[in-house]
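With the numbering used here, the residue at position 75 of the sequence shown is 143, and numbering never jumps.
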Amino acid sequence: MSSPEYRGPALLLADGREIPVEAELTGSVPAIGLPSWTGTLQAGDTRLASGAIRRGRLRLPGGWEGGFAVMRTVLGVSIVWVRGNDMEASPADWPG
69 MSSPEYRGPA LLLADGREIP VEAELTGSVP AIGLPSWTGT LQAGDTRLAS
119 GAIRRGRLRL PGGWEGGFAV MRTVLGVSIV WVRGNDMEAS PADWPG
């Protein structure tokens, strides 16, 4: 199993909006099973700090895009903890 990592800019896509974020992600690419990833997204956008965003998609530079769900939000803090998995969006394809 490999553990790709990505740290850098990304776009959070939710409710028809694109919100620039800084992402810190760690992926899991098992030999058998669904690729997945976890990490944090940080932005100055109040919707992130308010808990209004519960799920969406994340787009990385180069076009990689995968779905996620928010696992933890601390109200008033601009960081959320996310988890994603998508058969068609493997972390193995994250930009280097």
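The beta-carbon is built from N, C-alpha and C at its ideal position, and this holds for glycine as well.
Starting from ILE147, follow its DSSP beta bridges and name the residues at the other end.
GLN110
By Cβ distance below 6 Å, which residues in the same chain neighbour ASP113 in space, the five residues on each side in sequence not counted?
ILE87
Locate the beta strand (DSSP E) running through VAL138, then write down its first and last residues.
133-141
Euclidean distance between Cα positions of ARG85 and MET155
24 Å
According to DSSP, is LEU102 part of a helix, a strand, or is it coil?
coil
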